[in-house]
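**Student:** In order, the protein sequences belong to chains A and B.
According to my numbering, the stretch in the first sequence is residues 1 to 179, in order.
According to my numbering, the stretch in the second sequence is residues 1 to 78, in order.
Even for Gly, the Cβ is constructed at its ideal location relative to N, Cα and C.
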Amino acid sequence: MTEAESPRTPDGRPFRDQPRWRRDFPIDVAEDAYVARRDFAKYVVLVSGAFATGQVSMLLRSALARRAPAPPRLRIASVVDVPVGGAIAFRYPADGDPCLLIRRREGEFLAYGSECTHLMCAVLPEVAKGRLRCPCHQGYFDLSTGRPIAGPPRRALPTVTLDVRDGEIYATGVRLESQ
Amino acid sequence: MKDPTPRGRPLATGEKGVIVYGILSVLLVLLVVQLWLLTATTNAWLGGDDSVVLPAAVASLVCLGLNVGLLFHIFRLE
Ligand code: FES
């Protein structure tokens, strides 16, 4: 092999001065780096495709959610079932959506989705302190609005709209923060 | 001015390496933009704001298109 044909070496010294093991495996560093970068570029584009897929799936899901029928009107409990300062659990609109119905004062009922908006732990009402607490990472939500007031959560709890009629409490819909 | 590089001359590996590095930096910048779009949109969408979902999806697809175009450019160097 002539000097011109010999592979380029990492330290720039002539090929014949390289250690024996490198002479036995004559890899051209520039060629090797080029192939490695080119393959890395392929993976970058693959990840870019995954990001775009995630974005498009979000678009499709929000389009489907817009077409979905409004949540049904559902009887949760009677007024007498919920003590003042207490709360009961219910599921709305689907069976997989745990919620809390809270009676703050005599005639004041509030209902929120009870999955923390941080990592979905169950939140606990602390009615006397005017807040809901998530025990997992000490996240706190305002009892009046469901908005996060401390800890890791950044989004409000979904609000369940209520209708209290003839001593019965009905859930009529779910409202997210920005709606 | 006369082009010092004759057209059609195959690029040396070192030259190709430089071009790939350049393209790779643009790819990575676009990838970071896409990642930012994805996290910001997910946050807004889970909070009930789906007004950003469509523009963000379009922007992300444009980034993907650019990335695929740049990747083809790398393979055209062969
Ligand atoms: S899951 Fe509620 S604060 Fe982390």
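Look at Ile76 of chain A and Ile169 of chain A and say whether their C-beta atoms are less than 8 Å apart.
**Tutor:** Yes. Within cutoff.
**Student:** If you measure between the beta carbons of Gln18 of chain A and Ala57 of chain B, is that distance less than 8 Å?
**Tutor:** Going by C-beta atoms, Gln18 of chain A is not nearer than 8 Å to Ala57 of chain B.
**Student:** Can you tell which of B:Leu70, B:Leu77 and B:Arg76 has its C-alpha closest to the C-alpha of Leu28 of chain B?
**Tutor:** Nearest C-alpha to Leu28 of chain B: B:Leu70.
**Student:** Enumerate in chain order the residues of its own chain whose CB-to-CB distance from Pro4 of chain B is below 8 Å, with the five nearest sequence positions on each side excluded.
**Tutor:** Note on Pro4 of chain B: pLDDT 47, under 50, position unreliable in the model; the coordinate value appears next. Excluding sequence neighbours, Pro4 of chain B sits near nothing in its chain.
**Student:** Considering only their Cβ atoms, is the gap separating Arg8 of chain A from Ala36 of chain A smaller than 8 Å?
**Tutor:** Not closer than 8 Å, so no.
**Student:** Return the CA-CA distance between Tyr264 of chain A and Cys99 of chain A, expressed in angstroms with no decimal places.
**Tutor:** Summary: the structure shown does not reach residue 264 of chain A, with chain A confined to residues 1 through 179, and so no result is reported for it.
**Student:** Among residues of its own chain, excluding the 5 on either side of Thr172 of chain A, which ones have a beta-carbon nearer than 6 Å to its beta-carbon?
**Tutor:** Closer than 6 Å at Cβ, skipping near neighbours: Arg73, Thr161 and Asp163.
**Student:** Between the region 126 to 136 of chain A and the region 60 to 68 of chain A, are three or more C-beta pairs nearer than 8 Å?
**Tutor:** Segments in contact, no.
**Student:** Does the distance between the C-beta of Met120 of chain A and the nearest non-hydrogen atom of ligand 3 fall short of 7 Å?
**Tutor:** Because ligand 3 does not appear in the structure shown, any question about it cannot be addressed here, the ligands present being ligand 1.
**Student:** Going along the chain, which residues of its own chain have a beta-carbon closer than 8 Å to the beta-carbon of Met1 of chain B, five neighbours each way excluded?
**Tutor:** The pLDDT assigned to Met1 of chain B is 46, lower than 50, so where the model puts this residue is not dependable, and the model offers no usable value.
**Student:** Identify which residue in A:Ser78, A:Ser6 and A:Ala94 has its Cα closest to the Cα of Ala68 of chain A.
**Tutor:** With distances taken between Cα atoms, Ala68 of chain A lies closest to A:Ala94.
**Student:** Compare the C-beta of Lys42 of chain A against all C-beta atoms of chain B and say whether one is closer than 8 Å.
**Tutor:** It does; some Cβ of chain B falls within 8 Å.
**Student:** Using a Cβ-Cβ distance cut-off of 8 Å, determine whether Val68 of chain B contacts chain A.
**Tutor:** Yes, Val68 of chain B lies at the interface with chain A (some Cβ there is under 8 Å from its Cβ).
**Student:** Using a C-beta cutoff of 8 Å, does Gly146 of chain A count as contacting chain B?
**Tutor:** It does not: the Cβ of Gly146 of chain A has no partner Cβ on chain B nearer than 8 Å.
**Student:** Using a C-beta to C-beta distance shorter than 7 Å, which residues of chain B count as neighbours of Gly54 of chain A?
**Tutor:** Result: Leu38.
**Student:** Report the rounded CA-to-CA distance for Arg105 of chain A versus Ala128 of chain A, giving the unit in angstroms.
**Tutor:** Cα-Cα distance, rounded: 10 Å.
**Student:** If we ignore side chains and look at the alpha-carbon of each, how far apart do Val26 of chain B and Pro10 of chain A end up?
**Tutor:** If I take the Cα positions, the gap works out to 26 Å.
**Student:** Among the residues of its own chain, which have a CB less than 6 Å from the CB of Ala122 of chain A, if the five just before and after it don't count?
**Tutor:** Once the five neighbours on either side are set aside, the close Cβ partners of Ala122 of chain A are Ser114.
**Student:** Does DSSP put Thr161 of chain A in a helix, in a strand, or in coil?
**Tutor:** The answer is strand: DSSP assigns Thr161 of chain A an E or B state.
**Student:** Just to confirm, are Ala89 of chain A and Leu64 of chain B a CB contact at a threshold of 8 Å?
**Tutor:** No, these two residues do not count as a Cβ contact at 8 Å.
**Student:** Span of the alpha helix (DSSP H) holding Thr117 of chain A?
**Tutor:** From DSSP, Thr117 of chain A is part of no alpha helix (DSSP H); its letter is neither H nor E.
**Student:** Would Gln138 of chain A be called buried (16 or more neighbouring beta carbons within 10 Å of its own) or exposed?
**Tutor:** Exposed, since its Cβ has fewer than 16 Cβ neighbours within 10 Å.
**Student:** Would you mind reading off the limits of the alpha helix (DSSP H) that contains Ile74 of chain B?
**Tutor:** That run of the alpha helix (DSSP H) goes Val53 to Arg76.
**Student:** Is it buried or exposed, Leu110 of chain A, if we count other Cβ atoms within 10 angstroms and call 16 or more buried?
**Tutor:** Under this definition Leu110 of chain A is a buried residue.
**Student:** Which class does Ser48 of chain A belong to by DSSP, given the choice of helix, strand or coil?
**Tutor:** Helix, per DSSP.
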